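S.K.: The structure is given below, and queries will be raised subsequently.
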Amino acid sequence: MGRLVILSGPSCVGKGPLYTALKKFHPDIAGRQAKFVLYDSRAPRPGEVDGVDFHFRSRQFIESLRDQPQFRVFDVRSDLQAFDTRELGLRCASDATCDVFFEGNPFIGSGLLDFAQVQQIPVLSIFLSPLAAEEIVELKARTPSVCLPEFVTDVMRRKLLRRTARQKGILSEKDLENIEVRAASACGEMRQAWRFDHVIPCHDGEDSEHWDAFYYPIGDARRALAAFVALLEGSRSAWAEKWSQELMA
4 MGRLVILSGP SCVGKGPLYT ALKKFHPDIA GRQAKFVLYD SRAPRPGEVD GVDFHFRSRQ
64 FIESLRDQPQ FRVFDVRSDL QAFDTRELGL RCASDATCDV FFEGNPFIGS GLLDFAQVQQ
124 IPVLSIFLSP LAAEEIVELK ARTPSVCLPE FVTDVMRRKL LRRTARQKGI LSEKDLENIE
184 VRAASACGEM RQAWRFDHVI PCHDGEDSEH WDAFYYPIGD ARRALAAFVA LLEGSRSAWA
244 EKWSQELMA
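Put into structure tokens, the structure is as follows:
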């Protein structure tokens, strides 16, 4: 039976450029990751391809999938996403030489973890976090106290604003509303991190030029890529963490 690899984290934390860097600098490892494509009700972003990044469908279509027992449907940051459990089970059972690779929202990642546990599918689960555990501990211990949800929202809002401005230039009111939804969701998504095997802290989000401006990743982008490669290869990484459920409480 093949392995299910789950890479999750908040919107704009850097999952996309991390996977792109894996394909660029470690094509042999990336070639063993067969992407599991979900259904999504949102419109494609610039550069995204239907059937490759997501199956982009109408909200009405994805709502209708709730009537089919093999589908799991999730409300994700005001969008609907869904995955086909039958397809996932068949793909994991059919090829032990390749991993089935998912990259996306932590609530979907948790749903995949639950399904894999029931079906006894081997899993490697990795959470990409905008903060390290020691930073969270320090923030919680400060006087006056720091409101962690507000802090995380502010961190992710800035990343999302920079990313969206780079993609679109002038932002519409709808863009700003979408950014607020995604930023506000980040702290709740980070509360799922304890369920994952490993947490990779990375301050270089999708807005950061550290991923590709200098050809080779630098800073946290470099460290995150090195940790990701080590974990995929079955090695340990000093950069990867394991979080307790109480950390984000």
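Quick note on my numbering: the sequence shown kicks off at 4 and runs consecutively.
No residue lacks a Cβ here, since even glycine has one placed at the ideal position from N, Cα and C.
Quick caveat, the model's predicted, so the values are computed rather than measured.
Just to confirm, are Ala243 and His201 a CB contact at a threshold of 8 angstroms?
M.R.: In the sequence shown, the residue the question calls residue 243 occupies position 240. In the sequence shown, the residue the question calls residue 201 occupies position 198. A contact, by the Cβ cut-off of 8 angstroms.
S.K.: My guess is that Leu131 and Val16 are in contact by the Cβ rule of under 8 angstroms, so how many angstroms apart are they, rounded?
M.R.: Here residue 131 refers to the residue found at position 128 when the sequence shown is read from its first residue. Here residue 16 refers to the residue found at position 13 when the sequence shown is read from its first residue. 5 angstroms between Cβ atoms; contact.
S.K.: Secondary structure at Leu142, three-state DSSP: helix, strand or coil?
M.R.: Mapped onto the sequence shown, residue 142 falls at position 139. If DSSP states are grouped into helix, strand and coil, Leu142 belongs with the helices.
S.K.: Less than 7 angstroms between C-beta atoms, sequence neighbours within five positions excluded: which residues of the same chain meet that for Leu164?
M.R.: Position 161 of the sequence shown, counted from the first residue, corresponds to residue 164. Ile182.
S.K.: Please state if the CB of Cys101 and the CB of Arg35 are separated by a distance shorter than 8 angstroms.
M.R.: As a working note, residue 35 is residue 32 in the sequence shown. As a working note, residue 101 is residue 98 in the sequence shown. Going by C-beta atoms, Arg35 is nearer than 8 angstroms to Cys101.
S.K.: Among residues of its own chain, excluding the 5 on either side of Arg185, which ones have a beta-carbon nearer than 8 angstroms to its beta-carbon?
M.R.: Counting from one through the sequence shown, the residue named residue 185 turns up at place 182. For Arg185, where only same-chain residues beyond five positions count, the Cβ hits under 8 angstroms are Pro13, Ser14, Cys15, Arg80, Met159 and Leu163.
S.K.: Can you tell me which of the three DSSP states Glu249 falls into?
M.R.: Within the sequence shown, residue 249 is the residue found at index 246, counting from 1. Glu249 falls in the coil class under three-state DSSP.
S.K.: Per the DSSP calculation, Gly17 is bridged to which residue(s)?
M.R.: As a position in the sequence shown, residue 17 is number 14, starting the count at 1. DSSP lists no beta-bridge partner residue for Gly17.
S.K.: What do you reckon, are the CB atoms on Pro125 and Met251 nearer than 8 angstroms?
M.R.: Against the sequence shown, residue 125 aligns to sequence position 122. Against the sequence shown, residue 251 aligns to sequence position 248. No; because the gap between Cβ atoms is not below 8 angstroms, this pair is not in contact.
S.K.: With DSSP run on the structure shown, which of helix, strand or coil describes His58?
M.R.: In the sequence shown, counting from the first residue as 1, residue 58 sits at position 55. Looking at His58 - three-state DSSP - the assignment turns out to be strand.
S.K.: Would Phe59 and Glu192 be called neighbours here (beta carbons separated by less than 8 angstroms)?
M.R.: Residue numbering aside, residue 59 sits at position 56 when the sequence shown is read from its first letter. Residue numbering aside, residue 192 sits at position 189 when the sequence shown is read from its first letter. No.
S.K.: Go ahead and label Ala99 buried or exposed: buried means 16 or more other beta carbons lie within 10 angstroms of its beta carbon, across all protein chains shown.
M.R.: In the sequence shown, residue 99 corresponds to position 96, counting from 1. It is exposed - the Cβ of Ala99 has fewer than 16 other Cβ atoms within 10 Å.
S.K.: On the DSSP bridge list, what partners appear for Val52?
M.R.: Reading the sequence shown from its first residue, position 49 is the one you call residue 52. According to DSSP, which records beta bridges pairwise, Val52 is partnered with nothing at all.
S.K.: Tell me, which residues are paired with Ala186 by DSSP?
M.R.: Here the question's residue 186 lines up with position 183 in the sequence shown. In the DSSP output, where bridge partners are listed per residue, Ala186 has none listed.
S.K.: How do the region 60 to 74 and the region 38 to 50 stand: do at least 3 beta-carbon pairs fall below 8 angstroms, yes or no?
M.R.: yes
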